[in-house]
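Q:
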Amino acid sequence: MNKKSFIQPRFVGARFESHTLPLSAGKDLAFYEDLVVELAKALYLKKYPSRTRAPKGFAKDFKLHLERIDDGCARPHIVAMTDDDTPIPPEFEEARRLVNEVMASKSNSDLPEQFPKSLLRYFNQIGYSLQSDESIEWTPESSDEKSVLDVAKRKRLALGVLDTYEKKVSIVGQIEVLDAKKKTGTLRSIEKVGLAFEYSESVFNELKRALGNKTEWVQMSGIGEFGANDELRSIVKVEDIDLTRHYPLVSRIEKLGELKAGWLDGHGVELKSEDLVWLSGETEKNFPENFVYPSVVPTEDGNVIFEWIHPQARIELEINFESSLLELYATDLKQAAFVEKVFQFSEWPVAYSNINALLNA
Amino acid sequence: MSRNRLKTDLLWRQVNPRFLSAEGPNSQAFVPMPKDMGKLSVDDATLATAAESFVHFTRNLGFKSAGTWAVSVEEVESQKLVIEENPVQDLETPTRTNLAHCLIDFAMVSTSTGFARDGQGAKGDQKPSTKGERKRIAQMLAAQATARGCQHQATLNESE
Numbered sequence: 001m002n003k004k005s006f007i008q009p010r011f012v013g014a015r016f017e018s019h020t021l022p023l024s025a026g027k028d029l030a031f032y033e034d035l036v037v038e039l040a041k042a043l044y045l046k047k048y049p050s051r052t053r054a055p056k057g058f059a060k061d062f063k064l065h066l067e068r069i070d071d072g073c074a075r076p077h078i079v080a081m082t083d084d085d086t087p088i089p090p091e092f093e094e095a096r097r098l099v100n101e102v103m104a105s106k107s108n109s110d111l112p113e114q115f116p117k118s119l120l121r122y123f124n125q126i127g128y129s130l131q132s133d134e135s136i137e138w139t140p141e142s143s144d145e146k147s148v149l150d151v152a153k154r155k156r157l158a159l160g161v162l163d164t165y166e167k168k169v170s171i172v173g174q175i176e177v178l179d180a181k182k183k184t185g186t187l188r189s190i191e192k193v194g195l196a197f198e199y200s201e202s203v204f205n206e207l208k209r210a211l212g213n214k215t216e217w218v219q220m221s222g223i224g225e226f227g228a229n230d231e232l233r234s235i236v237k238v239e240d241i242d243l244t245r246h247y248p249l250v251s252r253i254e255k256l257g258e259l260k261a262g263w264l265d266g267h268g269v270e271l272k273s274e275d276l277v278w279l280s281g282e283t284e285k286n287f288p289e290n291f292v293y294p295s296v297v298p299t300e301d302g303n304v305i306f307e308w309i310h311p312q313a314r315i316e317l318e319i320n321f322e323s324s325l326l327e328l329y330a331t332d333l334k335q336a337a338f339v340e341k342v343f344q345f346s347e348w349p350v351a352y353s354n355i356n357a358l359l360n361a
Numbered sequence: 001m002s003r004n005r006l007k008t009d010l011l012w013r014q015v016n017p018r019f020l021s022a023e024g025p026n027s028q029a030f031v032p033m034p035k036d037m038g039k040l041s042v043d044d045a046t047l048a049t050a051a052e053s054f055v056h057f058t059r060n061l062g063f064k065s066a067g068t069w070a071v072s073v074e075e076v077e078s079q080k081l082v083i084e085e086n087p088v089q090d091l092e093t094p095t096r097t098n099l100a101h102c103l104i105d106f107a108m109v110s111t112s113t114g115f116a117r118d119g120q121g122a123k124g125d126q127k128p129s130t131k132g133e134r135k136r137i138a139q140m141l142a143a144q145a146t147a148r149g150c151q152h153q154a155t156l157n158e159s160e
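These protein sequences, in sequence, are chains A and B. For the record, in the first sequence the residue sitting at position 342 is 342 according to the working numbering, with numbers rising by one throughout. For the record, in the second sequence the residue sitting at position 103 is 103 according to the working numbering, with numbers rising by one throughout.
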């Protein structure tokens with residue numbers, strides 16, 4: 001086999017600074033190869049209009065391989081592999097040049113004439129793993145035009161021929177419908193939007209556990225199908241799911257971990273991560289089904305308060321980490337009646353039972 | 001010298017974004033924190049508008065606020081709390097000057113009936129407040145401020 005240097009793009013972004021290439025980004029290169037092959041075939045047929053298809057073995061003998069990854073963010077060196085006796089058809093070189101020109105284009109009306117517009121659909125895949133602050137420079141050695149592909153450009157290119165485009169997505173919701181035969185389902189997002197999804201067998205058991213369960217929330221990541229205005233239409237591939245009981249409440253607790261010392265007018269301590277992890281776990285275990293989720297409030301000295309705000313009542317449960325106590329303070333606003341009780345950390349069910357009585361008083 | 005206030009006069013309270021939920025300000029926004037030494041900071045609405053109070057708190061002092069809420073003098077005094085005038089005059093940093101500044105004293109609660117007035121309170125009948133008493137009062141004030149509605153709303157950029 002012969003190998004010939006074909007292209008050496010540069011992946012730019014924090015993920016690539018250790019001069020390694022995430023496997024998900026490696027898929028971008030596989031889709032790039034598919035585009036080069038399809039484009040080379042199209043160029044051949046344009047050159048020989050009497051032919052209805054490219055000659056046998058035209059694409060079969062052309063393979064792109066990853067030879068090494070060089071420093072300078074991540075610069076994968078891609079080589080074309082051919083049989084010893086077979087030179088690479090010139091259409092492949094031409095295809096590489098044209099793809100670079102497409103990626104350097106400023107608008108979809110600026111595309112090279114020889115590039116068939118239908119092949120823009122490949123940009124639905126190439127670069128799908130890119131995050132908003134990342135890009136791929138396909139001609140990084142060029143001083144003026146580096147043929148940069150980023151999130152905005154691949155969206156523009158894909159929408160040049162499709163109604164939707166695909167990119168990575170992460171979403172939280174509850175499973176409403178599951179069709180085990182078709183491997184499809186419907187997720188009701190935390191924003192109450194219904195979204196169809198397609199899944200693989202590997203996540204079926206977890207999805208089944210979450211199906212119709214009011215307390216079980218699914219954090220789903222995968223490939224989303226988006227409209228031109230970036231609205232999520234569906235999830236075309238579920239890659240990973242994570243189940244969290246009472247996610248809306250647990251995520252509010254976890255968010256308190258972002259607070260830095262001085263968060264309250266220059267005062268306010270940083271909440272201890274071990275306290276928040278413990279409270280999240282206790283909440284997943286003990287928070288009652290069909291209970292309204294309270295707001296979650298930090299205190300200056302590092303405690304957490306759950307508060308239920310009703311027109312007729314205010315109910316606070318302060319989780320006092322230092323004294324290991326649950327302090328209940330509640331006011332019936334109409335009667336101006338006040339309840340104050342204290343529970344041990346082992347008495348979550350009793351505390352919630354008291355709150356339930358107050359909520360339904 | 002204490003001012004005579006009308007029961008209907010309002011007192012502005014700035015609410016930290018961490019103490020605002022979908023239903024309105026949390027009770028925590030109306031209870032003095034350890035840093036406050038038992039006294040809740042407010043502005044006298046007869047001396048500053050809700051917007052001026054917000055701007056002073058966020059721009060001049062550099063603190064965070066989701067907006068200005070209000071409680072009335074009557075609502076505070078009905079909890080047997082004393083309103084103290086506490087004007088801030090800072091000649092070195094004039095932007096910190098705030099002549100409308102007042103404090104609601106939660107440190108002592110009155111055991112007598114009737115309203116405490118004009119910073120005098122009912123001193124003979126006062127005792128140190130417990131945490132539960134401070135919580136009860138804060139829940140009442142927060143509910144009243146919520147019912148009255150936000151008096152000056154921060155924009156997204158202003159609150160965070």
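All C-beta atoms in this analysis are idealised placements derived from N, C-alpha and C, irrespective of residue type, glycine included.
(1) Report the rounded CA-to-CA distance for Ser221 of chain A versus Asp240 of chain A, giving the unit in angstroms.
(2) Along the chain, where does the alpha helix (DSSP H) that runs through Glu23 of chain B open and close?
(3) For the stretch 276-283 of chain A and the stretch 242-250 of chain A, state whether three or more C-beta atom pairs, one from each stretch, are separated by less than 8 Å.
(4) How far does the beta strand (DSSP E) with Met81 of chain A in it extend, from its first residue to its last?
(5) Mapping the DSSP letters down to three states, classify Asn86 of chain B as helix, strand or coil.
(6) Can you give the Cα-Cα distance for Gly57 of chain A and Asp83 of chain A, rounded to whole angstroms?
(7) Under 8 Å Cβ-Cβ, which residues of chain C neighbour Phe19 of chain B?
(8) Of the residues A:Ile315, A:Ile78, A:Ser323, which one's Cα is nearest the Cα of Asn356 of chain A?
(9) If you measure from the beta carbon of Ala107 of chain B to each beta carbon in chain A, is any gap under 7 Å?
(10) Please classify Ala147 of chain B: is it buried, with 16 or more other beta-carbons within 10 angstroms of its beta-carbon, or exposed?
(11) From Phe115 of chain B to Glu77 of chain B, what distance separates their C-alpha atoms?
(12) Between Leu35 of chain A and Val79 of chain A, which are expected to be in contact by the criterion C-beta below 8 Å, what is the C-beta distance as a whole number of angstroms?
(13) Just checking: is the beta-carbon of Ser78 of chain B within a distance shorter than 7 Å of some beta-carbon in chain A?
(14) Which of helix, strand or coil does DSSP assign to Thr244 of chain A?
(15) Using 7 Å as the threshold, is the C-beta distance between Leu10 of chain B and Ala70 of chain B below it?
(16) Which of the three DSSP states is assigned to Asn108 of chain A in this structure?
(17) With the cut-off set at 7 Å, would you say Asp133 of chain A and Gly13 of chain A are in Cβ contact?
(18) Could you compute how far the alpha carbon of Ser147 of chain A sits from the alpha carbon of Phe62 of chain A?
(19) Relative to the C-alpha of Glu284 of chain A, which residue among A:Thr215, A:Gly302, A:Gly194 is closest?
(20) To the nearest angstrom, report how far apart Lys237 of chain A and Ser129 of chain B are at their CA atoms.
(21) Select from B:Met108, B:Ala145, B:Asn16 the residue whose C-alpha is nearest the C-alpha of Phe57 of chain B.
(22) Check whether the Cβ atoms of Glu33 of chain A and Leu66 of chain A sit closer than 7 Å, and answer yes or no.
(23) State yes or no: is the beta carbon of Lys165 of chain B nearer than 7 Å to at least one beta carbon in chain A?
(24) In this structure, does DSSP put Ile69 of chain A in helix, strand or coil?
(25) If we count the other Cβ atoms within 10 Å of its Cβ and call it buried at 16 or more, is Gly227 of chain A buried or exposed?
(26) Can you list, in chain order, the residues of its chain whose CB lies under 7 Å from that of Lys260 of chain A, leaving out five sequence neighbours each side?
(27) Within 10 angstroms of its Cβ, does Lys123 of chain B collect 16 or more other Cβ (buried), or is it exposed?
(28) What's the C-alpha gap between Thr97 of chain B and Leu61 of chain B?
(29) Is any beta-carbon of chain B found at less than 7 Å from that of His246 of chain A?
(30) Could you name the residues of the stretch 328-358 of chain A whose beta carbon sits closer than 9 Å to any beta carbon of chain B, in the order they occur along the chain?
(31) What does Phe197 of chain A pair with, by DSSP beta-bridge criteria?
(32) Distance, Cα to Cα, Arg233 of chain A vs Glu75 of chain B?
(33) DSSP three-state call for Leu23 of chain A: helix, strand or coil?
(34) Ala143 of chain B versus chain A: which residues are under 7 Å apart at the beta carbon?
(35) CB-CB under 8 Å to Arg96 of chain A, same chain, minus the five flanking residues each way: which ones, in chain order?
(36) Tell me which residues share the same chain as Gly162 of chain B and place their Cβ nearer than 7 Å to its Cβ, disregarding the 5 neighbours each side in the sequence.
A: Once the coordinates are examined:
(1) Your numbering for residue 221 of chain A matches position 221 in the first sequence. Your numbering for residue 240 of chain A matches position 240 in the first sequence. In a straight line, the C-alpha of Ser221 of chain A is about 5 Å away from that of Asp240 of chain A.
(2) Within the second sequence, numbered from 1, the residue matching residue 23 of chain B stands at position 23. Element bounds for Glu23 of chain B: n/a, residue is neither H nor E.
(3) Taking 8 Å as the limit for Cβ pairs, the verdict is that the stretch 242-250 of chain A does touch the stretch 276-283 of chain A.
(4) Position 81 of the first sequence, counting from 1, holds the residue named residue 81 of chain A. Counting along the chain, Met81 of chain A sits inside the beta strand (DSSP E) bounded by residues 75-82.
(5) Taking the second sequence and counting its residues from 1, the one referred to as residue 86 of chain B is at position 86. Here Asn86 of chain B sits in coil by DSSP.
(6) As a working note, residue 57 of chain A is residue 57 in the first sequence. As a working note, residue 83 of chain A is residue 83 in the first sequence. The straight-line gap from Cα to Cα measures roughly 11 Å.
(7) Here the protein chains are A and B, and chain C is not one of them.
(8) By 1-based counting over the first sequence, the position of residue 356 of chain A is 356. It is A:Ile315 whose Cα lies nearest to the Cα of Asn356 of chain A.
(9) Counting from 1 along the second sequence, the entry for residue 107 of chain B is found at position 107. False, the Cβ-Cβ gap to chain A never drops below 7 Å.
(10) The sequence position of residue 147 of chain B within the second sequence is 147, counting from 1. With fewer than 16 Cβ atoms within 10 Å of its Cβ, Ala147 of chain B is classed as exposed.
(11) Taking the first residue of the second sequence as position 1, residue 115 of chain B is located at position 115. Taking the first residue of the second sequence as position 1, residue 77 of chain B is located at position 77. The predicted model places Phe115 of chain B with a pLDDT of 35, which falls under 50 and marks its position as unreliable; any figure quoted below should be read in that light. Straight-line Cα distance between these residues: approximately 5 Å.
(12) Stepping through the first sequence from its first residue, residue 35 of chain A is reached at position 35. Stepping through the first sequence from its first residue, residue 79 of chain A is reached at position 79. The pair is not a contact, with the Cβ atoms about 17 Å apart (cut-off 8 Å).
(13) As a working mapping, residue 78 of chain B is identified with position 78 in the second sequence. Taking Cβ atoms only, chain A never reaches closer than 7 Å to Ser78 of chain B, which makes this a no.
(14) For the purposes of this step, residue 244 of chain A is taken as residue 244 along the first sequence, with counting starting at 1. DSSP places Thr244 of chain A in strand when its eight states are reduced to three.
(15) Taking the first residue of the second sequence as position 1, residue 10 of chain B is located at position 10. Taking the first residue of the second sequence as position 1, residue 70 of chain B is located at position 70. In contact: Leu10 of chain B and Ala70 of chain B (Cβ atoms closer than 7 Å).
(16) What you label residue 108 of chain A is simply residue 108 of the first sequence in a count that begins at 1. Residue state, collapsed to three classes: helix.
(17) Numbered from its first residue, the first sequence carries residue 133 of chain A at position 133. Numbered from its first residue, the first sequence carries residue 13 of chain A at position 13. Contact: yes.
(18) In the first sequence, counting from the first residue as 1, residue 147 of chain A sits at position 147. In the first sequence, counting from the first residue as 1, residue 62 of chain A sits at position 62. Computed Cα separation, rounded: 23 Å.
(19) Walking along the first sequence from the start, residue 284 of chain A turns up at place 284. For Glu284 of chain A, the nearest C-alpha among the options comes from A:Thr215.
(20) Indexing the first sequence from 1 puts residue 237 of chain A at position 237. Indexing the second sequence from 1 puts residue 129 of chain B at position 129. Cα to Cα, Lys237 of chain A sits roughly 59 Å from Ser129 of chain B.
(21) Residue numbering aside, residue 57 of chain B sits at position 57 when the second sequence is read from its first letter. Residue B:Asn16 is the option with its Cα nearest to Phe57 of chain B.
(22) Position 33 of the first sequence holds residue 33 of chain A. Position 66 of the first sequence holds residue 66 of chain A. Not closer than 7 Å, so no.
(23) This structure cannot speak to residue 165 of chain B, because chain B is shown only from 1 to 160.
(24) Position 69 of the first sequence holds residue 69 of chain A. If DSSP states are grouped into helix, strand and coil, Ile69 of chain A belongs with the strands.
(25) Within the first sequence, residue 227 of chain A is the residue found at index 227, counting from 1. Burial call: exposed.
(26) Taking the first sequence and counting its residues from 1, the one referred to as residue 260 of chain A is at position 260. Cβ within range, chain order: Glu270.
(27) Here the question's residue 123 of chain B lines up with position 123 in the second sequence. At Lys123 of chain B the pLDDT is 47, less than 50, meaning the model places this residue with poor confidence; the figure from the coordinates comes in the next sentence. It is exposed - the Cβ of Lys123 of chain B has fewer than 16 other Cβ atoms within 10 Å.
(28) Here residue 97 of chain B corresponds to residue number 97 of the second sequence, with the count starting at 1. Here residue 61 of chain B corresponds to residue number 61 of the second sequence, with the count starting at 1. Computed Cα separation, rounded: 10 Å.
(29) Here residue 246 of chain A is taken as the residue at index 246 of the first sequence, counted from 1. Answer no: the Cβ-Cβ gap between His246 of chain A and chain B never drops below 7 Å.
(30) Within the stretch 328-358 of chain A, the qualifying residues are Tyr329, Ala330, Thr331, Leu333, Ala336, Phe338, Glu340.
(31) Translated into the one-based positions of the first sequence, residue 197 of chain A becomes position 197. Phe197 of chain A pairs with A:Gly185, A:Ile235.
(32) By one-based count along the first sequence, residue 233 of chain A stands at place 233. By one-based count along the second sequence, residue 75 of chain B stands at place 75. C-alpha separation (whole angstroms): 50 Å.
(33) Position 23 of the first sequence, counting from 1, holds the residue named residue 23 of chain A. In the structure shown, Leu23 of chain A sits in a helix (DSSP, three-state: H, G or I).
(34) What you label residue 143 of chain B is simply residue 143 of the second sequence in a count that begins at 1. Correct list: Arg314, Leu333.
(35) In the first sequence, counting from the first residue as 1, residue 96 of chain A sits at position 96. Contacts found: Phe6, Ile7, Val36.
(36) Outside the displayed span of chain B (1 to 160) sits residue 162 of chain B, for which this structure offers no information.
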